[in-house]
Amino acid sequence: NYLTPVYLICGFPAMVTIVPGFNLNFKSSLIPVANVSLLIKDLLLGKFEIDLIILVIVSTTIYSMIAIAAATRLFNREDVLLSEESNLRLLFTNNSSKLKRTPNFMESITLYIIGFGLLFYVGGTLQTMYKLNGVLMTEVFLVFLPAILFVKYLKFDYRETLSLRKVSLKSLTGSTLLAISGGFFIAKFAREIQEKIFPMPSELKEAFKYLLYENGHLPSTLKLFIIIAVSAAVCEEILFRGPILAGVRSKFDKKSTVIIVGLLFGLFHMDLYRLVSTTVLGMLITYITLSTGSIFNGMLFHLINNGSAVLLDSGDDANLWLSQNSPWYYYPIFIVCFITGIYLIKQEKIE
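In terms of the working numbering, the sequence shown is numbered consecutively and its last residue is 366.
Dropping the structure here:
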C-alpha cells in the first residue's frame with residue numbers, strides 16, 4: 016500500500032510513448048521513467064543512438080540509487096513498518112465494528128489506480144469499437160460501478176463517503192454561477208496557457224471529432240447531452256467527489272485536498288493537451304463539494320460545464336461563449352458571477 020503512490024507516479028511518465036511527436040532526445044533522455052519507455056520504443060523500431068542509450072542508462076542508474084537510498088531509510092522506520100494506516104486487512108474479518116465509516120488515503124488511491132487501469136486498457140477499446148456508445152459504457156461500467164462496488168464491498172458509509180447531503184437553493188445558485196463563470200475563465204486562460212505550452216496537433220483534434228460521429232453524422236443533441244453531460248456528471252463525480260475525495264481529505268487539509276483531487280481528476284482524463292484546464296475544473300468542483308458538503312452541487316457544476324458545450328456548440332469541446340474574441344463586457348459579467356458564486360458557497364453551513 017505504501018508503494019501504491021510510487022507506482023502511480025511512475026505510470027504517467029511511461030505514457031509519453033503514445034504522445035505524437037514526443038521522441039527520445041537529449042532532454043527527454045534525462046526524464047525518469049519516460050526515458051526508459053522512449054528508449055524501448057526506439058529499440059523496437061530499430062533506432063540505436065549510442066549517446067542517447069548511454070544517457071538513459073546513466074541517468075536511470077543515478078535515479079535508482081537515490082530511490083534505493085530513500086526506500087532503505089523509509090523501511091527502517093518502525094512507524095512505517097508497524098503502522099495500521101491501511102484498513103484493507105479488515106476485508107478478512109467478520110467484526111464490522113472495526114470498519115471505518117470512510118476510506119483512508121491509501122484505499123482511495125488504490126481505487127484510483129484500479130479505475131485508471133480499467134480506463135486505460137478497457138475504456139480505450141470500448142470507445143474505439145463503439146465510439147460514443149463506448150464513452151457511455153466507459154462512464155457506467157468503468158467509472159461509476161467500481162466506485163459503488165468499492166464502497167459496498169469495504170462496507171463504508173454511503174452517506175459520508177459519497178457526500179450525499181441535501182442541498183439548499185443558495186448552494187445550487189452558487190454552483191450554477193461558478194459553473195458559468197468558471198467555465199469561461201478556464202477556457203479563456205487555462206486552455207490558452209495549455210495551448211502555448213503544449214498545443215494539440217490538428218490530427219488529434221480531428222480524431223476527437225470523429226469519435227462523436229455515427230455513420231458519418233453527429234447523433235442527436237439529446238444523446239450527446241445524456242452521454243457527455245449527464246453520464247459524466249454523475250459517474251465521474253461519484254468516483255472523484257465520492258471515495259477518492261473522502262480518502263484524500265482524511266489525510267490532508269482543505270487546500271491540499273482541492274489541489275490533489277483536482278490533479279488526479281485531470282490526470283484521469285489522460286489528455287495531456289487539456290491537462291491544465293481539466294485539473295482546474297476538478298479543483299473547482301472539489302472546492303464546491305467540500306464547502307457545501309454535498310456531491311450534488313459538484314454534479315450540477317459538472318453538468319452545466321459539459322452540457323453547455325453540447326447545447327451551445329453542437330457537441331464541440333468548447334463553450335460557444337468562449338471564442339477567441341469575446342466581447343470586453345463578458346469579463347466584468349463573469350467576474351461578478353464568480354464572486355457571487357463564491358460568496359453563496361461560503362455561506363452554506365455543513366450539518
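Just so it is clear, CB atoms sit at the ideal spot from N, CA and C, and this is done for glycine as well.
- Within the region 122–193, the alpha helix (DSSP H) runs of at least 4 residues that lie entirely inside it are, in chain order, 139–145, 147–152, 160–168 and 173–176.
- Taking C-alpha positions only, R116 is separated from T125 by approximately 17 Å.
- Residue pairing for H232: DSSP places it in a beta bridge opposite E229.
- V48 sits away from V71, with the two beta carbons spaced by 8 Å or more.
- Secondary structure within the region 44–89: the alpha helix (DSSP H) runs of 4 or more consecutive residues, fully enclosed, are 49–59 (chain order).
- The beta-carbon distance between L359 and S186, rounded to whole angstroms, is 7 Å. This is short enough to meet the 8 Å contact definition.
- Judged by beta-carbon spacing, L296 lies beyond the 8 Å limit of L227, meaning their Cβ atoms are not closer than that value.
- Inclusion of G132 and L141 in the CB contact set at 8 Å is not warranted, their separation being larger than that value.
- In this structure, DSSP gives Y344 a state outside helix and strand, which the three-state scheme calls coil.
- In the structure shown, E207 falls within a helical segment according to DSSP collapsed to helix, strand and coil.
- In the three-state scheme derived from DSSP, where H, G and I count as helix and E and B as strand, R116 is classed as coil.
- A direct Cα-Cα distance of roughly 33 Å separates E210 from V73.
- In this structure, I310 sits near L177, with a CB-CB distance shorter than 8 Å.
- Taking 8 Å as the upper bound for CB-CB distance, L287 and F213 are in contact here, some 6 Å apart.
- With fewer than 16 other beta carbons inside 10 angstroms of its own, Y22 counts as exposed.
- Ranked by Cα distance from L160, the options F280, Y225, L254 and G189 are led by L254.
- Measuring C-alpha to C-alpha distances from Y127 to each of M215, L157, S217 and K270 identifies L157 as the nearest.
- Here the alpha carbon of S183 sits roughly 43 Å from the alpha carbon of P216.
- The three-state secondary structure of N38, taken from DSSP, is coil.
- Using a C-beta cut-off of 8 Å, the region 189–198 makes no contact with the region 271–283, since fewer than three inter-stretch Cβ pairs fall below that distance.
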